[in-house]
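**Student:** Take this structure, written in structure tokens, and hold onto it; I'll ask about it next.
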Amino acid sequence: LSPSWKKKWIWILCISSFFIPFLFGVAFSAIFSGLPIDEKGMHLSFFDVINGYSILGGFTYTVLTLLSGCLWTSYKTLGKIQEKAALVAKIVWGAAVLLVFAYFIVFINFTTLFDSLENAPLLWSVPALCVLALLLTIFPLRKKKWLMSFVLASFAIFTLFASGFTGMYPDMLPSYIDPQYSLTLYDAAGSQLNLTVMLWVAGLILPLVITYKIWIYWLLKDKITEKNAQDYQ
């Protein structure tokens, strides 16, 4: 392959890798902030999805994903690439902290996402764990404990999503027009037979998927060096 061909595909990979977490964050943040659902159904336009809440969410999830990617790169590589990835991770960590704080401040004060937690104060521990995990990420990062910092950053991403779903419960599609028009978990649930079948399918397939993932990570457990990465150059 020619150098220009490789360069083009590297740019395509970079751009697509940005938009995937960004659009993922936009979509879920739009749902978390509420949708235009009334007695006639949902009337969704482009600006109902692309708004201040969703854009903030898009950048928040993107920066967190970039942070975890830099930490994983630091863990899997050696030499100059590891040093560059660690340096970028430290810079991105600061941006991630600011965005996550802004995310929670905006959604707590300007949306109804976390109103339901007033009746279950213990569930405030979910967003608290998100913030705590992200703040703690910097300490193993400074000590070059890449795997620990990666685990903490990944946990922060998980609890950020969990915070949204915890706040929405029992709604699946909350309405900002009137809560009575929200689509709840009970409204969207399948029949008893359907749920039973899916339980068995998930119970059988999920362990296989987890086993496969563990096997793949075991095969690729070695560090990436200039010598064993020659095929990718």
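Counting in the numbering used here, the sequence shown runs without a single skipped number right up to 789 at its last residue. Quick reminder that beta carbons are idealized off the backbone N, C-alpha and C, glycines included. All figures in this text were calculated on a predicted structure; none of them were measured in a lab.
Hey, quick one: how far does the beta strand (DSSP E) through Asp778 stretch, first residue to last?
**Tutor:** Taking the first residue of the sequence shown as 1, we reach residue 778 at position 222. Element bounds for Asp778: n/a, residue is neither H nor E.
**Student:** What residues match up with Gly590 in a beta bridge as DSSP calls it?
**Tutor:** Here residue 590 refers to the residue found at position 34 when the sequence shown is read from its first residue. Partner(s): none; Gly590 has no beta bridge.
**Student:** Does DSSP put Leu673 in a helix, in a strand, or in coil?
**Tutor:** In the sequence shown, the residue the question calls residue 673 occupies position 117. Residue state, collapsed to three classes: helix.
**Student:** Are Phe578 and Gly614 touching if we call contact CB-CB under 8 Å?
**Tutor:** Taking the first residue of the sequence shown as position 1, residue 578 is located at position 22. Taking the first residue of the sequence shown as position 1, residue 614 is located at position 58. It is a contact, given that the beta carbons lie within the stated cut-off.
**Student:** Please report the residue range of the alpha helix (DSSP H) in which Leu690 lies.
**Tutor:** Along the sequence shown, read from residue 1 onward, the residue named residue 690 stands at position 134. Its alpha helix (DSSP H) spans residues 681-692.
**Student:** If I'm right that Phe714 touches Leu627 with Cβ under 8 Å, what's the distance once you round it to whole angstroms?
**Tutor:** Taking the first residue of the sequence shown as position 1, residue 714 is located at position 158. Taking the first residue of the sequence shown as position 1, residue 627 is located at position 71. Not really, about 15 Å apart at Cβ, beyond 8 Å.
**Student:** Per DSSP, which residues does Gly597 bridge with? Please list them.
**Tutor:** Along the sequence shown, one-based indexing puts residue 597 at 41. Gly597 pairs with Asp594.
**Student:** Taking all protein chains shown into account, do 16 or more other C-beta atoms lie within 10 angstroms of the C-beta of Asp727, making it buried, or fewer, making it exposed?
**Tutor:** Here residue 727 corresponds to residue number 171 of the sequence shown, with the count starting at 1. Asp727 is buried by the Cβ-count criterion.
**Student:** Who are the near neighbours of Val582 in its chain, counting only those whose CB is closer than 8 Å to its CB and skipping five residues on each side?
**Tutor:** On the sequence shown, residue 582 is found 26 positions in, with the first residue counted as 1. Correct list, in chain order: Val605, Ile606, Ser610, Ile611, Gly613, Gly614.
**Student:** Just to check my reading of the structure: Lys779 and Lys632 have Cβ atoms closer than 8 Å, yes? What is that Cβ distance to the nearest angstrom?
**Tutor:** The count along the sequence shown starts at 1 and reaches residue 779 at position 223. The count along the sequence shown starts at 1 and reaches residue 632 at position 76. That belief holds up - the Cβ atoms of Lys779 and Lys632 are roughly 6 Å apart, short of 8 Å.
**Student:** Which of the three DSSP states is assigned to Ser747 in this structure?
**Tutor:** Within the sequence shown, residue 747 is the residue found at index 191, counting from 1. Of the three classes helix, strand and coil, the one that applies to Ser747 here is coil, per DSSP.
**Student:** Quick one: what's got a C-beta closer than 8 Å to Leu751's C-beta in the same chain, skipping five residues either side?
**Tutor:** Looking up residue 751 in the sequence shown gives position 195. Correct list, in chain order: Ala745.
**Student:** Is the distance from the Cβ of Leu623 to the Cβ of Ala709 below 8 Å?
**Tutor:** Counted from its first residue, the sequence shown places residue 623 at position 67. Counted from its first residue, the sequence shown places residue 709 at position 153. Their beta carbons are under 8 Å apart, which means Leu623 touches Ala709 by this criterion.
**Student:** Mind checking whether Ile694 and Trp649 have CB atoms under 8 Å apart?
**Tutor:** What you label residue 694 is simply residue 138 of the sequence shown in a count that begins at 1. What you label residue 649 is simply residue 93 of the sequence shown in a count that begins at 1. Contact flag set, yes.
**Student:** Considering just the uninterrupted stretch of the beta strand (DSSP E) at Leu729, what are its terminal residues?
**Tutor:** As a working note, residue 729 is residue 173 in the sequence shown. From DSSP, the beta strand (DSSP E) with Leu729 extends over 727-729.
**Student:** Where do the ends of the alpha helix (DSSP H) carrying Asn665 lie?
**Tutor:** Position 109 of the sequence shown, counted from the first residue, corresponds to residue 665. Per DSSP, Asn665 belongs to the alpha helix (DSSP H) from 635-666.
**Student:** Using only the alpha-carbon positions, how far apart do Tyr737 and Ala642 sit?
**Tutor:** Here residue 737 is taken as the residue at index 181 of the sequence shown, counted from 1. Here residue 642 is taken as the residue at index 86 of the sequence shown, counted from 1. The straight-line gap from Cα to Cα measures roughly 47 Å.
**Student:** Report the partner residues of Leu739 according to the DSSP bridge assignment.
**Tutor:** For the purposes of this step, residue 739 is taken as the residue at position 183 of the sequence shown. DSSP, once it has assigned bridges, lists Leu729 as partnering Leu739.
**Student:** Identify whether Ser558 lies in helix, strand or coil by the three-state DSSP scheme.
**Tutor:** Within the sequence shown, residue 558 is the residue found at index 2, counting from 1. DSSP places Ser558 in coil when its eight states are reduced to three.
**Student:** I need the DSSP call for Ile606, collapsed to helix, strand or coil.
**Tutor:** Here residue 606 refers to the residue found at position 50 of the sequence shown. Three-state result, Ile606: coil.
**Student:** What first and last residue would you give for the alpha helix (DSSP H) that runs through Thr708?
**Tutor:** Against the sequence shown, residue 708 aligns to sequence position 152. For clarity, residue 708 is Leu in the given sequence; the question names Thr instead. Looking at the DSSP string, the run of the alpha helix (DSSP H) that includes Leu708 is 702-724.
**Student:** Just to confirm, is the Cβ distance from Phe588 to Met724 under 8 Å?
**Tutor:** Counting from 1 along the sequence shown, the entry for residue 588 is found at position 32. Counting from 1 along the sequence shown, the entry for residue 724 is found at position 168. For Phe588 and Met724, yes; Cβs fall inside 8 Å.
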